[in-house]
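Numbering (full-length UniProt numbering), first residue to last: 1 to 634. Here the structure comes first, spelled out in C-alpha cells, and everything after it is commentary.
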Ligand code: TTP
Ligand code: CA
Ligand code: CA
C-alpha cells in the first residue's frame, strides 16, 4: 500500500522538522470480512463514504429557474446595491460577490441583475417589487429555502436508507456507507462468505479489489500533485496508481456513481447544477467539494489525502479560521497543515486543552462527526431586520414588526407542509441598539388555529411596548422576532381538532370560570421560568383531568370527561392532549386580558391630552384584530 513516497512529500514540506511517517497511518486500514459484513460500525467503519453536495451559484440559479432564463446568460442576484450571488457565466467577466451592481454592469453591460424578493408591509407574501428600498422592505429568502427543500427531498427519494444532513441553504452531507456496502455485496457476492481457509476467519483481509474505472464518475484529487496540474495534468492522473487500489476506493467509486445519478436527476428535474466532494468523512468531503466547480464532482481517495492536506494553509480550514487558528499560527510560527504535524498530541493538549485532540486528528484526515439528519422539527424560527434608518420613535416599530410577522407566518406555513403539527410555544422580540446586547421580551404563543400576520403582529406590538416602556424616544438598529420552542402538538392534531368539533367554544367554558388576571405575560430572556410553566398542578389532585392556574389560582377542569370516547384506545393520550390545549387556552385568556388592558392603558395613560396619531393607529390595528382573532375562533 503506497502512501505518497517520503521524497515526493518532502517537496511540499515546509515545516521546521520532518513529520513522522506514520502521521497518516489511519488512512490505510486492513479491510476484513468483518468490516464488509457488519451493519453498524459507525464513524470507525473503514468503508465509510461521505459526500457533500453544494448547489452552484445557488440564489442566481434559483432566479434563473424561476424566470426561465438561459443558464448561459451572465446573471446576478442583488440585495439593495450589493451582489449576493453571481452565476458562472458572469464570473467569466471577473464579476464577484464583492462588486456593486453598478460596477458589475460596467464589466458586463448585458448582465441581468435580479433583486432578491422582499417583504413589503401590507403584503402577506414576499414579492418582486419595482420600488425595493432597504428603508421599508425586508429581504426574503423563502423561495430559496423552498427550492433547497426540493433538492434535499430529491436526495432523499433517490437514496432510501442513506443518511442526509442539510448543512446550509444550498448544501447537504450524504452518508453513502450503507447503500454502498449493499452494492458491493451485490456486485461481489463472493465477499458475503468467509472462505473456509481464511487464516483469521471473519477477521481475515478481503481478497484484492477489482480494478476501478474512474473515468466519467468525477475528478480524482491527484495523489501526487504536479506543478503543471492544470486540467490536462489531472486528466492524465485519472486511473493512476492502480496497484494501490483498495476496497475503500471501490466504495468511493460506487458512491460517486450514485452521487452522479442523483446530481443528474436534480439537474434534469429541478434545473440546478451542483458540485460534490466524496471522501471518507464530512471534513474531507466538504474540503474537496470545491476542488472543481461548477457541475462536477471530486473524489478524494485515502491515498491522496496526505498531499492534499499538507500544503493547505490551516487557517483556511473552517474550524481553524478563528482564534484557535491564530493561536496555533502564533505559537509555532507556521501556516500549513504539514507544519502542524510535528506537534505531538501531548504538546497540543498541554497548550490548547484536552479537546485539541480533535484538531490533531483533523490535520490527519480524521473526522468522527456523524452525518445526522437534524430533527424535522425546527426548534426556532427567526426573522431579523437590520435597520438602515434606526427607529427613534417607538411608534415606528409597528411597521417592522408587521413585516417580520409576515415572514414568520409564511415560514411556519411552509414548515407545516412537511410537519402539520408544528406549534410555536413562545414568541420572542429582540431590539438592539448598535452592538449593545439586545433587549428582549417573550410571551407564550396563543393556541390559535390560523397563525396569521395579524395574530403575530398583535403580540409583537405588545412585546414592543414592554421593551420600549414609556420611552418617548428610542434608538433601535436591529429588530428580531422569533418563534422558539417549536414543537409538534403532543397528542396530535387529530385529537385537538376532534375536541374542538365536539366541545364547541372552549373560550366560553373558560370565560365562565374566570376572573381577570393581572400580571404581565412577557418576560425578559433569561429571567427563569417561561410563562407557560407558571400553571402547575398541586400534588394529590387528579392532574390528568385538571390543572391549577399559577396566575389566577383557579382549578381548570377538563369539561365533560365522561364524553371522551375511547374508540381507538388512545383516550389517555387524547385526554392529555386536550388538557394541554386547555392550559394553552387558559394562558391565552390571560394573555388576551393583558392585551386588552394594555391597549386601553395606552389611551388612558396619555395624561389627558388627545392620543397621538401613532397610538390611535396602534389601537385601531391591535385591539379589534388581535383580540378578536383569539376569541372569534369558534
Ligand atoms: P455559496 O454556496 O457560498 O455560493 P454560491 O452557491 O453562490 O456559489 P458556488 O457555486 O461557489 O457555491 O452560497 C450559497 C448562497 O448563499 C449564495 O448563492 C448566496 C448566499 N450567500 C450570501 O447571501 N452571502 C454570502 O456571503 C455567501 C457566501 C452566500
Ligand atoms: Ca453553492
Ligand atoms: Ca454553500
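Glycine is no exception: its CB is placed at the ideal position from the N, C-alpha and C atoms.
| Check | Outcome |
| --- | --- |
| Contact belief for residue 134 with residue 117 at Cβ below 8 Å, rounded distance in angstroms | Actually they are not in contact, since the Cβ atoms of residue 134 and residue 117 sit about 14 Å apart, beyond 8 Å. |
| Length of the line joining the Cα atoms of residue 291 and residue 479 | 39 Å |
| Residue 172 Cβ short of 8 Å to ligand 4 heavy atom set | With respect to ligand 4, the structure shown offers nothing to examine, as its ligands consist of ligand 1, ligand 2 and ligand 3. |
| For residue 469 and residue 462, the rounded distance between their alpha carbons | 10 Å |
| Which of helix, strand or coil DSSP assigns to residue 349 | helix |
| Bounding residues of the beta strand (DSSP E) (the contiguous stretch that carries residue 381) | 381-391 |
| Whether residue 205 touches residue 30 by CB criterion (9 Å) | yes |
| Nearest-angstrom beta carbon gap, residue 483 and residue 380 [assumed within contact, 8 Å] | 6 Å |
| Heavy atom of ligand 2 within 8 Å of residue 483 beta-carbon | no |
| Whether residue 422 touches residue 412 by CB criterion (9 Å) | yes |
| Rounded straight-line distance, which links the Cα of residue 203 to that of residue 271 | 47 Å |
| Identity of the residues DSSP links to residue 83 by a beta bridge | 78 |
| Backbone CA spacing between residue 245 and residue 70 [nearest angstrom] | 42 Å |
| Cα-Cα separation, residue 255 to residue 49 | 7 Å |
| Distance cut-off 8 Å: residue 55 Cβ against heavy atoms of ligand 2 | yes |
| Environment of residue 35 [buried if 16+ CB atoms lie within 10 Å] | buried |
| Residue interval of the beta strand (DSSP E) (run including residue 432) | 422-432 |
| Stretch pair the stretch 60-70 + the stretch 251-265: three plus CB contacts closer than 8 Å | no |
| Residue 58 beta carbon near ligand 2 (any heavy atom closer than 8 Å) | yes |
| Buried versus exposed, by CB contacts within 10 Å (16 or more), residue 388 | exposed |
| For residue 481, the residue or residues it bridges with in DSSP | 383, 429 |
| CB contact flag (residue 151, residue 170, <9 Å) | yes |
| Proximal residues to residue 119 (C-beta, below 7 Å), its chain only, five neighbours per side dropped | 126, 137, 138, 140, 403, 406, 407 |
| Cα-Cα separation between residue 311 and residue 225, rounded to whole angstroms | 11 Å |
| Residue 635 CB to nearest heavy atom of ligand 3 below 8 Å | Past the boundaries of the shown model lies residue 635; the chain is included only from 1 to 634, so the question cannot be answered. |
| Cβ contact check for the stretch 187-196 and the stretch 47-62: 3 or more pairs under 8 Å | no |
| Residue closest to residue 168, alpha-carbon to alpha-carbon, out of 105, 58, 114, 322 | 58 |
| Identity of the residues DSSP links to residue 297 by a beta bridge | 276 |
| Cutoff 6 Å; reference residue 106; Cβ partners in own chain excluding five residues on either side | none |
| Range of the contiguous alpha helix (DSSP H) that encloses residue 462 | 453-468 |
| Top-ranked residue by Cα proximity to residue 66, from 101, 144, 83 | 144 |
| 6 Å CB neighbourhood of residue 267 in its chain, flanking five on each side removed | 273 |
| Exposure of residue 40, with buried meaning 16 or more beta-carbon neighbours within 10 Å | exposed |
| Helix, strand or coil at residue 557 according to DSSP, with G and I counted as helix | strand |
| Three or more C-beta pairs below 8 Å linking the stretch 96-105 and the stretch 73-84 | yes |
| Candidates 330, 370, 354, 200: closest to residue 282 by CA position | 370 |
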